[in-house]
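**Q** Residue numbers (our numbering), protein chains in the order written: chain A, 3 to 337; chain B, 3 to 337.
What follows is a structure written as structure tokens; I'll ask about it next.
Number of protein chains: 2
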Amino acid sequence: MSSPTIYDVARAAGVSTATVSKVINNTGRISAKTREKIQRIMEDLNYSPNVIASAMKGKSTYQIAFLIPDVSNPIYAEYLKHIEESGQEFGYNIVMCSTDNQADKESRHITLLKQRRVDGLIIASKFNNAAVLRQLIDEKFPLVLFAHERPELPVPSVTVDDYIGGYMAASHLISLGHRRIGVLAEDSLSSKDRIRGYQCALTEAGLAVQENLIVVSGPSVSDSEMAAANLLDREDRPTAIFGCNDLLAIGVLQACRARGIRVPDQLSVIGFDDTQLCSIVSPKLTSIAQPIRKLSKETIDMIIRMIEQADTPKQRIKMLPEISIRESTAKLAQA
Amino acid sequence: MSSPTIYDVARAAGVSTATVSKVINNTGRISAKTREKIQRIMEDLNYSPNVIASAMKGKSTYQIAFLIPDVSNPIYAEYLKHIEESGQEFGYNIVMCSTDNQADKESRHITLLKQRRVDGLIIASKFNNAAVLRQLIDEKFPLVLFAHERPELPVPSVTVDDYIGGYMAASHLISLGHRRIGVLAEDSLSSKDRIRGYQCALTEAGLAVQENLIVVSGPSVSDSEMAAANLLDREDRPTAIFGCNDLLAIGVLQACRARGIRVPDQLSVIGFDDTQLCSIVSPKLTSIAQPIRKLSKETIDMIIRMIEQADTPKQRIKMLPEISIRESTAKLAQA
DNA sequence: ATGAAAGCGCTAACAA
DNA sequence: TTGTTAGCGCTTTCAT
């Protein structure tokens, strides 16, 4: 036999379903007495309202979708962890969707999610499918970009300040005496901003920016290990390398190991994201930390605001990163 | 303006909603002509059926909840990745719920998930809340335990064969000449099975099982690093250690580094789960691999069967692990 | 082969 | 303060 409905409660309490509905939703005015009676009966019957039915009346489903390329990438797993945690606080469940960075998966997901009437969408990836994105915006579908931006589109976002982050990474290295600093970057907007920050720090320190010290790599550790060759196997090898995310920096670490280059004695390495991997590798990786918990909280707040009242003004929030210094960076050895 | 409904389609096609519903669901009999016409109109209108409304008529919500303690633990992230992937194949979305191993979070989640009418539940954790579990079973709520068992309860599960896995780990070490093999375990059922397998391998090889070589640790890398002291700082230090999961094994690696013990020259280390961490640490970790992709596929198949027809016989499936040999295990050096 | 109509469980005017 | 009632968008039985 199935769960009791609002009718069962109403009957048992000798009132109408409207009255019961009112006590459930805390709307209208009902005497303390009936309220209590109804509440007691709901407990006795172990009644719990059917969210599906109330969603049919235009109410929330209390579900937010979170789109990411790949959870097995630790940075996305950490995003998800905190997004879920923050959602939980407000009674929202998170529907997790992997996109693999494929435009068709993205649009298929969006279609399904809309059919399922999720209340909102948080996108934490490049999102290749610009057309779909634009349509979502036109429809005023509650949508927030997380850890990623789309400056050309009127869409709210919550991100870390990548520019400052890149600046901090480079400054740290410069302060240790390094003057030839290589960069391993991904082909992404945030990498570009991180590079701009790096360049700014160099310039400020009176150092020349050398384009050939900036190399682009695929996203995986092994891609990065390969790409690092371009930096490590040259005559004028840099004395420090900034990996635009931890995976890339770890690739550099592995490339060094393969070549017998000692980190940090012969080469300093810094990452970005400050994932849990940093304390697992050896030497432990210095990295720029995103304030993920705060970012997530802000994102959930923002999307709930958008869900609850359609015409919330759109914002872009940028938060400041912090540096976590560990073992992979050190003072430049005197030549 | 909101999305078109089945009424809009019916009106445009000059038929009843019943007919439209039939073509959507491929039920009843309708002439090829009307079918085509309706399909064309649905496309024109960019109509997509409201899953919420059809769920109200007792149909699926196409949502499956996946409960795990913590996504930021890479093994759970990998589970999630593959569960989501397999779900996607059948049009199911995954609602991800963190439990933090807390009984009250578990039960709160279950309550909400039931209100939201998710079709089924996959639980990949200890699940402390036995009462709730029992109730779910009584209600015949579609439920599968993943990578974890509950032998005393009539509940289906899909797991790796931990016993064999432990046996394989120990056998590998024994075949390399090790005779004093320590174990670092978690306080969990699967660790216990892995230990039993280890003991069996020892006994078979004519080696005595020494209880004091088996030490229990907390779940994190740093817990394990602490606990490893009990094995590493004794006179008769083992020559090999089996970490009952990769995180524990990595803790051992770190403890070794702190003590200047060279792996694998002075100590062999083997893990379990074969997460991506294995190729990130140094030396790369030998580990026992779960066939996660197959496990996930099987789990999704099973739960969908349970969703679609209530009285599916319950099964417990156990799959065989495989060993991935990397750099952390080596022949015992002659004394 | 198609349609009329009832109803899933709930909410919100509006009436009383 | 409480109840009546009309849907929300869809499925399904039973007629036609």
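Ideal Cβ positions, reconstructed from N, Cα and C, are used throughout, including at glycine.
Mind checking if Ala229(B) is an interface residue toward chain A, Cβ cutoff 8 Å exclusive?
**A** no
**Q** Below 8 Å on the Cβ atoms is my guess for Ile338(A) versus Ser127(A); work out the distance and round it to an integer in Å.
**A** Residue 338(A) is absent from the structure shown; chain A starts at 3 and stops at 337.
**Q** For Lys316(B), I'd like the list of residues in its chain whose CB is within less than 6 Å of its CB, leaving aside the five on either flank, ordered along the chain.
**A** Pro158
**Q** Evaluate contact between the stretch 270 to 289 of chain B and the stretch 299 to 306 of chain B, counting only Cβ atoms and requiring at least three cross-stretch pairs below 8 Å.
**A** no
**Q** At a CB-CB cut-off below 8 Å, which residues of chain A make contact with Ile124(B)?
**A** Simply none; closest approach about 13 Å.
**Q** Which residue's Cα is closest to the Cα of Asp46(A): Val11(A), Ser224(A), Leu334(A) and Lys333(A)?
**A** When each option's Cα is compared against that of Asp46(A), the closest is Val11(A).
**Q** Considering only their Cβ atoms, is the gap separating Ser226(A) from Val254(A) smaller than 8 Å?
**A** yes
**Q** Classify Asp10(A) as helix, strand or coil using the three-state DSSP reduction.
**A** DSSP places Asp10(A) within a helical segment (H, G or I) once states are collapsed to three.
**Q** Thinking just about the alpha-carbon of each residue, which of Glu80(A), Ile282(A) and Val73(A) is nearest to the one in His84(B)?
**A** Val73(A)
**Q** On the DSSP letters alone, give me the boundaries of the alpha helix (DSSP H) that Glu310(A) sits inside.
**A** Ile294 to Glu310
**Q** Could you give the distance in angstroms between the alpha-carbon of Leu17(A) and the alpha-carbon of Ser50(A)?
**A** As written in the sequence, residue 17(A) is Val, which differs from the Leu given in the question. Roughly 17 Å between the two C-alpha positions.
**Q** Asn130(A) versus chain B: which residues are under 9 Å apart at the beta carbon?
**A** The premise fails here: Asn130(A) is roughly 17 Å from chain B at the closest Cβ pair, so nothing lies under 9 Å.
**Q** Does the Cβ of Gln256(A) have 16 or more other Cβ atoms within 10 Å, making it buried, or fewer, making it exposed?
**A** buried
**Q** Let me know if Val75(B) comes out buried or exposed under the rule of 16 or more other beta-carbons within 10 Å of its beta-carbon.
**A** In the sequence as presented, Val is not what sits at residue 75(B); that position holds Asn. So Asn75(B) ends up on the buried side.
**Q** Could you pull out every residue in the same chain whose Cβ sits closer than 7 Å to the Cβ of Asp140(B), ignoring the five residues on either side in sequence?
**A** none
**Q** Measure the alpha-carbon distance for Glu237(A) versus Ile166(A) and round it to whole angstroms.
**A** 31 Å
**Q** Below 8 Å, how does it come out for the stretch 87 to 98 of chain A and the stretch 274 to 283 of chain A: are there three or more Cβ pairs, yes or no?
**A** no
**Q** For Ala171(A), name the three-state secondary structure that DSSP assigns.
**A** helix
**Q** Could you name the residues of chain A that Arg118(B) contacts, counting a contact when the two beta carbons are closer than 8 Å?
**A** Val53, Ile54, Thr63, Tyr64, Gln65 and Asn95
**Q** Throw me the rounded Cβ distance for the Leu175(A) and Phe244(A) pair, which I believe falls under 8 Å.
**A** 7 Å
**Q** From the DSSP output, which residues share a beta bridge with Val157(B)?
**A** Answer is none; Val157(B) lacks a bridge partner.
**Q** Could you check whether Ala203(A) and Ala172(A) sit closer than 8 Å to each other, using their CB atoms as the reference points?
**A** yes
**Q** Inspect the beta-carbon positions of Leu250(A) and Val162(A) and report whether they are closer than 8 Å.
**A** In terms of Cβ geometry, Leu250(A) and Val162(A) do not form a close pair [threshold 8 Å].
**Q** From Leu334(B) to Val217(B), what distance separates their C-alpha atoms?
**A** 22 Å
**Q** Strictly by DSSP, which residues pair up with Cys99(A)?
**A** Leu69(A)
**Q** In whole angstroms, what is the alpha-carbon distance linking Arg136(A) and Leu155(A)?
**A** Taking the straight line joining both Cα atoms gives about 8 Å.
**Q** Is Gly262(B) helix, strand or coil when you go by DSSP?
**A** coil
**Q** Using a threshold of 8 Å, state whether the C-beta atoms of Glu108(A) and Phe129(A) are closer than that.
**A** Result yes, Cβ atoms of Glu108(A) and Phe129(A) sit closer than 8 Å.
**Q** Closer than 8 Å, CB to CB, is Met170(A) near chain B or not?
**A** no
**Q** Can you have a look at Asp106(A) and say buried or exposed, based on whether 16 or more other CB atoms are within 10 angstroms of its CB?
**A** Counting Cβ neighbours within 10 Å, Asp106(A) comes out exposed, since fewer than 16 surround it.
**Q** Provide the residue(s) that pair with Asp164(A) in DSSP beta bridges, ordered along the chain.
**A** Asp164(A) is not bridged to any residue.
**Q** Give the DSSP-derived three-state secondary structure of Leu147(A) in the structure shown.
**A** strand
**Q** With 8 Å as the threshold, decide whether the Cβ of Asp267(A) is near any Cβ in chain B.
**A** no
**Q** By the criterion of Cβ-Cβ separation under 8 Å, what are the contact partners of Glu237(A) in chain B?
**A** Going along chain B, no residue has its Cβ under 8 Å from Glu237(A), so there is no contact; the nearest lies around 27 Å.
**Q** Closer than 7 Å by beta-carbon distance: list the chain B residues that pair up with Thr113(A), in chain order.
**A** Contact annotation for Thr113(A) against chain B: Ser50 [CB-CB distance below 7 Å, chain order].
**Q** Looking at Ile309(B): is its Cβ nearer than 8 Å to the Cβ of Ser62(B)?
**A** Yes, Cβ-Cβ distance for Ile309(B) and Ser62(B) is below 8 Å.
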